[in-house]
Every structure is written in structure tokens, then in C-alpha cells.
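2 protein chains.
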Amino acid sequence: MIYSSELIKGTLKTIILKLLRENKRMYGYEITQMVKDMTKGKIQLTEGALYPSLHALEAEGIIVAETEYIGKRVRKYYSLSAEGKVRTKERITELADFMETMKFLLDIQPAKG
Amino acid sequence: MIYSSELIKGTLKTIILKLLRENKRMYGYEITQMVKDMTKGKIQLTEGALYPSLHALEAEGIIVAETEYIGKRVRKYYSLSAEGKVRTKERITELADFMETMKFLLDIQPAKG
DNA sequence: CACCAATGCATAAGAAAACTATGTATTATT
DNA sequence: AATAATACATAGTTTTCTTATGCATTGGTG
């Protein structure tokens, strides 16, 4: 099962920020692969969604980019700015809270109860 | 704390459907109030989001509307169609699964551990 | 060696969905 | 009498993603 894209919309940036926090430094393609692996293919970020989000986060000063060359191939590594670390924490807290609220609202029971 | 609207985007229709399933029959304003009450104000559905969603669900044949008059004031009661009941179940299952995946991805611990 | 898949970036055009703002009208409260 | 709450609706704008496309390098396979 691949999740409908509506679900991912609101969480994409939070996912990106969380992975950057854990891994210090990642490039776009690496993010798509890690998300795919960690979710067993249930979340597949498209480039058309990912890159604009990265650019937006960079424009907001939440992440910073460093360009590197691997042979002749370019890579843009992103990492959290000081402000980004604060924002990341806030976002994750909000999302966790939101999910608790949704669980209550939808009366969802633990998977293996 | 009121959740950022991005988070709600992907879940709005699922919330509506869930409430209709539990309460058999509701009108728009009633839905906004119940969501507000159940979430202690954390989720406040705006009319500009709710009514278009209701109309869309109706157009898809997932919910059906009945207009009633309370005095001179009109109310549109909505309820799930047969297909709507199936869809509701699917949506809730998907959302529950998604939230599990997100919890894992974001490494979120239970609130009171 | 030729070809294809994978890696790696980027963006333009269009669609989807919600937000803001506004409009109309009735009923309850102060 | 005035205001808040109830109750619907939609037009215009913005945000965000999707689809599609483009370019280029690198690795693997027949």
C-alpha cells in the first residue's frame, strides 16, 4: 500500500527536518531513498515535491546547503541551521500532539491490542 | 495550540466521514462544533474548508444530503451512503496505518512513558 | 562497447485543496 | 437595539503537490 498523497502533504517538511536532525547532513536523493527504505516503500517522495520543499526550507533559513562534487556529479548537502533545530523540535512536537488528537478523534486502537 | 492547517488538510475528509459514521446524521455547523469540542479547540474547521469538502463528498456519492427546516432556518443533514460506509472504513484504516508509519519515522515515543 | 538503469539535480505547467473574505439570513442573548 | 451565535454558500487567492520534462554522470550487463 502506498499512502494517498494528501496524507503526506502536511508532513513532508517535518519528515525532511527530522531526517536532517538525525543524520546531520543529507542530499535530496538520499532523503528519498531513506524514506522509502524506512517505510518499506509506503512513502515514496517524488522529486517534484522534494526539491521545491528543500528550496523553500532553505529560503526560510531553516536549512543550509553546501554543494559538493562527487567526480563530475553535483550533490547538494543540506543541514539544519540553528533556527532550524528549534523549528524541527517544534514541528515534531506538534505532529506528535496532532497524531494523538487524531487517534482519539478517530477512536483508533493500538495495532496489536 | 491550534494545529497548522497543513496537518489537517489530508485528514479533513476522514474526520468528517468518521463523525458521520458515529452519529448517523449531522449538519455542517454541528460537525465544526463537535470537532472543536472533541479536540478542545485544537482543530477548528473553517467553513471555507468544510462546505466545499461536504459538497465534494456528496458529488462523489459518498454522502447524501437531506435539507430540513428548523423554523425558517435551513439545515442540511448528511449521512453515509452504502458506498460511503465502505470508503470510510478504508480511509480510517489507511490513516491509522499512516500514523503508525509516521510514529516510527519520527521516532515518537508514547506521551506518557 | 552499447545500452539501460540508477544517481542527482532542477523547474514549468497544471491541478487540488484549503484559506480568506464576503454574502445572506435567522435566532438567541444582553 | 445591538451583538453573538447559528447556518448555509461561494468567489478569488494562495499554497502545495503532481506530472512531465530536461540535463548530465555513473554503474552494470549483455
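Which chain is which? The protein sequence lines are S and D, in order.
Start counting the first sequence at 4; every next residue gets the next number (our numbering).
Start counting the second sequence at 4; every next residue gets the next number (our numbering).
A virtual CB, placed ideally from N, CA and C, is assigned to each residue, including glycine.
Computed from a predicted model, the values in this text were never measured in an experiment.
| Asked | Found |
| --- | --- |
| Going by beta carbon distance, what residues of the same chain come within less than 6 Å of D:Ala-68, once the five residues before and after it are set aside? | Glu-61, Lys-79 and Tyr-81 |
| State the start and end residues of the unbroken alpha helix (DSSP H) segment that holds S:Leu-10. | 8-12 |
| Name the two residues that bound the continuous beta strand (DSSP E) containing S:Arg-76. | 76-83 |
| Between the alpha carbons of D:Gly-64 and D:Gly-87, how many angstroms are there, rounded? | 7 Å |
| Taking all protein chains shown into account, do 16 or more other C-beta atoms lie within 10 angstroms of the C-beta of D:Arg-28, making it buried, or fewer, making it exposed? | exposed |
| Consult DSSP for D:Ile-3 and reduce its assignment to one of helix, strand or coil. | In this structure chain D extends from 4 to 116, so residue 3 of chain D is not present and cannot be described. |
| State yes or no: is the C-beta of D:Ile-18 within less than 8 Å of the C-beta of S:Thr-104? | no |
| Is D:Met-102 closer than 8 Å to S:Asp-100 when the C-beta atoms are compared? | no |
| Return the residue from the list D:Leu-22, D:Phe-107 and D:Ile-34 that minimises the CA-CA distance to D:Tyr-54. | D:Ile-34 |
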